[in-house]
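Asker:
Residue numbers (my numbering), protein chains in the order written: chain A, 3 to 393; chain B, 7 to 580.
#1: Taking contact to mean at least 3 C-beta pairs separated by less than 8 Å, is the segment 207-217 of chain B in contact with the segment 170-178 of chain B?
#2: Report the residue ranges of all alpha helix (DSSP H) runs contained in full by the segment 42-78 of chain A; include only those spanning at least 4 residues, in chain order.
#3: DSSP state of residue 19/B, grouped into three classes?
#4: Output the distance between the C-alpha atoms of residue 146/B and residue 495/B, rounded to the nearest integer angstrom.
#5: Tell me whether residue 174/B sits in a helix, a strand or coil according to DSSP, three-state version.
#6: Check whether the Cβ atoms of residue 52/A and residue 60/A lie closer than 7 Å to each other.
#7: Less than 8 Å between C-beta atoms, sequence neighbours within five positions excluded: which residues of the same chain meet that for residue 150/A?
#8: Going along the chain, which residues of the segment 400-422 of chain B sit with their C-beta nearer than 8 Å to a C-beta in chain A?
#9: Is the number of C-beta pairs between the segment 412-429 of chain B and the segment 292-311 of chain B that are closer than 8 Å three or more?
#10: Using a threshold of 6 Å, is the CB atom of residue 10/B nearer than that to any non-hydrogen atom of the ligand ADP?
#11: Comparing the C-beta of residue 347/B with each C-beta of chain A, is any distance below 7 Å?
#12: Using the Cβ count rule (16 or more neighbours within 10 Å means buried), how would you classify residue 7/B?
#13: Are residue 26/A and residue 84/A touching if we call contact CB-CB under 7 Å?
#14: Short of 8 Å Cβ to Cβ, which residues in the segment 49-78 of chain A face chain B?
#15: At least one CB of chain B closer than 7 Å to the CB of residue 362/A: is that the case?
#16: Quick check: residue 534/B and residue 506/B, are their CB atoms within less than 7 Å of each other?
#17: Quick one: which unbroken beta strand (DSSP E) runs of 3-plus residues sit fully inside the segment 404-474 of chain B? Chain order, please.
#18: According to the Cβ coordinates, are residue 208/A and residue 383/A closer than 7 Å?
#19: Which runs of the beta strand (DSSP E) spanning at least 3 residues fall entirely within the segment 480-556 of chain B, listed in chain order?
#20: Here's the rule I'm using: 16 or more other beta-carbon atoms within 10 Å means buried, otherwise exposed. How should residue 416/B be labelled?
#21: Hey, does residue 39/A have any beta-carbon neighbour from chain B nearer than 7 Å?
#22: Can you give me the Cβ contacts of residue 262/A inside the same chain, cut-off strictly under 7 Å, excluding the 5 residues immediately before and after it?
#23: For the alpha helix (DSSP H) that residue 315/B lies in, which residues bound it at each end?
#24: Kindly list, in the order they appear in chain A, the residues whose Cβ is closer than 9 Å to that of residue 372/B.
#25: For residue 5/A and chain B, any beta-carbon pair shorter than 7 Å?
#26: Using a beta-carbon distance cut-off of less than 8 Å, what residues from the segment 357-386 of chain B approach chain A?
#27: Could you compute how far the alpha carbon of residue 256/A sits from the alpha carbon of residue 318/A?
#28: Using a C-beta cutoff of 7 Å, does residue 9/A count as contacting chain B?
#29: Kindly indicate which residue of 251/B, 358/B, 541/B has the alpha-carbon position closest to the one of residue 523/B.
#30: Hey, does residue 306/B have any beta-carbon neighbour from chain A nearer than 7 Å?
#31: Going along the chain, which residues of the segment 535-569 of chain B sit with their C-beta nearer than 9 Å to a C-beta in chain A?
#32: Report yes or no: do three or more beta-carbon pairs, one from the segment 270-279 of chain A and one from the segment 169-188 of chain A, lie closer than 8 Å?
#33: Counting only C-beta atoms, is residue 244/B closer than 7 Å to chain A at any point?
#34: Is it the case that the Cβ atoms of residue 205/B and residue 188/B are separated by a distance below 7 Å?
#35: What residue does the alpha helix (DSSP H) around residue 281/B start on, and which one ends it?
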């Protein structure tokens, strides 16, 4: 099958922050030094070449885009200062924008000002939307769900989740179809037989469990670059803390809703700290705040290669995560203060609005990697499996 | 022939010969040959000490013949001719016997046979030397004028150079205009100089020099005479044509090249939007503002390199200039419009020397270079949608096939030899397998041809860029000066001579001679052949065809050759 060249590809990827990789003459030092590049997935050189040549489909359907954690060794080694690591990051942004058909992601990435305006307006919209149905602010105790009706929050939340799910699903379908075609994997290969199903299940476990939640390669293979730091300052741990924190909070929120649906505990009822859902939320919140704070700090200080060149998209995700986490803790604080402060209501409105926005925008910003990376890792695991079978 | 006094020297060549040939046995076998006065072996015959010893022997023993059995005459013939001269012996009384390239090196598996062969060869050399006579070089006076054929950049520059060292010049150009290819070019690499301006400058310089006579619309029709004094007939194609005779001492051929013209269908040639390099260069040179073709803007260009060059079974040579010229043209395009996407599909990029910088610069300006495998050349087509496309494989992406939609496809065509059959015929110039004119030696005699006094310069000799063409033009000027500034030339006397008494003029020698050295003359009322000693190359082609045995080659007479054969068929072991 012949690939139709898109001559404007490189210029387009560069709009997403790639360094000038036209300096790259394909020596392959980057691929050689990369601790993650294997025979089943060679990068970054080949992907840079795709961009130079204009092989758009090949670039977008390369699982290798997502097997990189940007340790930056390639960029340090590059003899032409073409910054392969930076290119990979930009190509991932480009891919997120390309998998999304609404053009929203492209706008968020390529026009930071417009993107920020959209983010602020969206938060404001949620705030106004919910405030429009507000109830009284009880001064004696913080009755948050009297102020903003529980139903409204839950229904809006469910609506947002459905939208996000659909948007994410469309993106994942586009991506998965591309990769599958490129890797010559059919649906039948994946689920068509007992053996295939077993293989796919294993691959899914590797992709989601070992690699995504367990961060194995990030932790083990990128180790060389991270040795200088104690474990709690290593990039993989900070990233994992953020991820686990977010997932913990999401789970706690959903559980809380579930408990309410089951009539076990009304949402917003004060419970002691050891109450499982609250405990989970608190621990996850601490993890999220720890992770995001350090990520922000590292970016401010340019502590490592990937933190050195930050785009608006990087800041936006971190800011939203941090603000969501921090405002959550403020509410917690307000709830347990002996004299409930009135600002608690406003922080609550803020928290709910920002959290809604964070979830709604997820497929259109850096957050989307949380979905696309596991998909790529799934195909990577399949390829590795095939490699072992073949040998 | 009365008794001779011959010195024989057999060389070890430091083992190159003596490892396989028993040099002492050879000495023992030949030292008692009749007429041998002195026989010795030498570790290195060419060493200063042995040369000195030879001089001493020639003087002490009053030697009148010299045989050196060592390496090929190509290596040391002039060395030992010099030895003879220094010792007061006529250099043509010396014979070189090759027992290295043609014996020891060829028979490393058979030392006994090699020794026997050496004995036979040395004996044959002695047999030839017995019959040598002293010969003197042919001395001719030369005409201090030169002809330059072709007024391209090499010819124009050569004409100016010749005039500046005081030689008269006839500059003959077939075209109406002076300037050749370069005269049609705009900006050229490396220094962004404009070709038309370069030529205008040179033409201006030519006009300033009264010693240069320019013929345009003119061709060389005939050349007669001999080395140093040629009579050239130039036809000027006026109406009616005008035939002009001029005398010249040397002729510089600078007739340039043609560009390869692809067949229709070759890499899509014939499809609209598929151009050759010269067609593209003309398009770019003629463009102000953004590049358009037939009124349509050009956004993407694909270059296909090595079209008509390095083709097995076709033009197998590399045309040398085309890579740099194309890269330079692509930089011109980038300067016109930096948004144009340019894809270079190549087998190998050979922007040699300083031109590597052009390549780097074009990459910086966004040109993409893609190497295609030798066995899978790109395919150019117009697809169903009417779009011009090039399909190729890019080695660096692992050979994946890709299709480039392009507004223009440039076939990077190389140089081919110009069709000059008439001139080749007139000058008797040999061409190489590639069809370009051949020099005598690519390193040591790069602008001389086997025809004395006829020199070649520029791309008629093989693909060159303009800088290299001018350099070879000036080399031809220097070589002309070496021939013509002394006023006289010495020629080898090893040429054919006719015994007028025996000749009955049948004309066979005239037909056999590749150098037009044979003339029909009248001697005492009889028609006989005469051979010009200055034109003859001593090839010997006329000798065997003569039914009367009336022709002998000096230095290789029939008697000498017979004596050598007789001695070779004798049993070698003494």
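Here a beta-carbon is modelled for each residue, glycine too, at the ideal position from N, C-alpha and C.
Answerer: Taking the definition as stated:
#1: yes
#2: 47-55, 58-62
#3: By one-based count along the second chain, residue 19/B stands at place 13. Correct three-state label for residue 19/B: helix.
#4: If you number the second chain from 1, residue 146/B lands on position 140. If you number the second chain from 1, residue 495/B lands on position 489. Rounded to the nearest angstrom, the two C-alpha atoms are 5 Å apart.
#5: Stepping through the second chain from its first residue, residue 174/B is reached at position 168. Correct three-state label for residue 174/B: strand.
#6: Within the first chain, residue 52/A is the residue found at index 50, counting from 1. Within the first chain, residue 60/A is the residue found at index 58, counting from 1. Yes; because the gap between Cβ atoms is below 7 Å, this pair is in contact.
#7: Sequence index remark: in the first chain, residue 150/A carries index 148 (1-based). Cβ neighbours of residue 150/A beyond the five flanking positions: 132, 133, 135, 136, 137, 350, 351, 354.
#8: 400, 402, 403, 404, 406, 407, 408, 409, 410, 411
#9: yes
#10: This structure does not include the ligand ADP; it has no bound ligands of any sort.
#11: For the purposes of this step, residue 347/B is taken as the residue at position 341 of the second chain. Judged by the 7 Å Cβ criterion, residue 347/B is in contact with chain A.
#12: Locating residue 7/B in the second chain gives position 1, where the first residue counts as 1. Low per-residue confidence applies at residue 7/B: pLDDT is 48, beneath 50, and the placement is therefore not dependable, though the value from the model is reported in the following sentence. By the neighbour-count rule (16 or more Cβ atoms within 10 Å), residue 7/B is not buried but exposed.
#13: Along the first chain, one-based indexing puts residue 26/A at 24. Along the first chain, one-based indexing puts residue 84/A at 82. Yes, these two residues count as a Cβ contact at 7 Å.
#14: 51, 52, 54, 55, 56, 57, 60
#15: Here the question's residue 362/A lines up with position 360 in the first chain. Output row for residue 362/A: interface = no.
#16: Taking the first residue of the second chain as 1, we reach residue 534/B at position 528. Taking the first residue of the second chain as 1, we reach residue 506/B at position 500. A contact, by the Cβ cut-off of 7 Å.
#17: 406-411, 414-419, 421-423, 460-462
#18: Taking the first chain and counting its residues from 1, one reaches residue 208/A at position 206. Taking the first chain and counting its residues from 1, one reaches residue 383/A at position 381. Cβ distance < 7 Å, so residue 208/A and residue 383/A count as in contact.
#19: 494-497, 502-504, 524-529, 532-537
#20: The residue you call residue 416/B lines up with position 410 of the second chain. Counting Cβ neighbours within 10 Å, residue 416/B comes out buried, since at least 16 surround it.
#21: The residue given as residue 39/A occupies position 37 in the first chain. So, not an interface residue.
#22: Here residue 262/A corresponds to residue number 260 of the first chain, with the count starting at 1. Correct list, in chain order: 268, 269.
#23: Residue mapping note: residue 315/B aligns to position 309 of the second chain, counting from 1. Unbroken run through residue 315/B: none, as it is neither H nor E.
#24: Position 366 of the second chain, counted from the start, is the residue given in the question as residue 372/B. Residues of chain A passing the Cβ test: 12, 13, 24.
#25: One-based indexing of the first chain puts residue 5/A at position 3. At least one chain B Cβ lies under 7 Å of residue 5/A.
#26: 369, 370, 372, 374, 376
#27: Residue mapping note: residue 256/A aligns to position 254 of the first chain, counting from 1. Residue mapping note: residue 318/A aligns to position 316 of the first chain, counting from 1. Going from the Cα of residue 256/A to the Cα of residue 318/A covers about 24 Å.
#28: Residue mapping note: residue 9/A aligns to position 7 of the first chain, counting from 1. Taking Cβ atoms only, chain B reaches closer than 7 Å to residue 9/A, which makes this a yes.
#29: Position 517 of the second chain holds residue 523/B. The shortest Cα separation from residue 523/B among 251/B, 358/B, 541/B belongs to 541/B.
#30: In the second chain, counting from the first residue as 1, residue 306/B sits at position 300. Answer yes: the Cβ-Cβ gap between residue 306/B and chain A drops below 7 Å somewhere.
#31: none
#32: no
#33: As a first step, residue 244/B is located in the second chain; it is residue number 238 there, counting from the start. No, because no Cβ of chain A sits closer than 7 Å to the Cβ of residue 244/B.
#34: By 1-based counting over the second chain, the position of residue 205/B is 199. By 1-based counting over the second chain, the position of residue 188/B is 182. Taking 7 Å as the Cβ cut-off, residue 205/B and residue 188/B qualify as a contacting pair.
#35: Locating residue 281/B in the second chain gives position 275, where the first residue counts as 1. Run containing residue 281/B: none in the alpha helix (DSSP H); it sits in the beta strand (DSSP E), 280-282.
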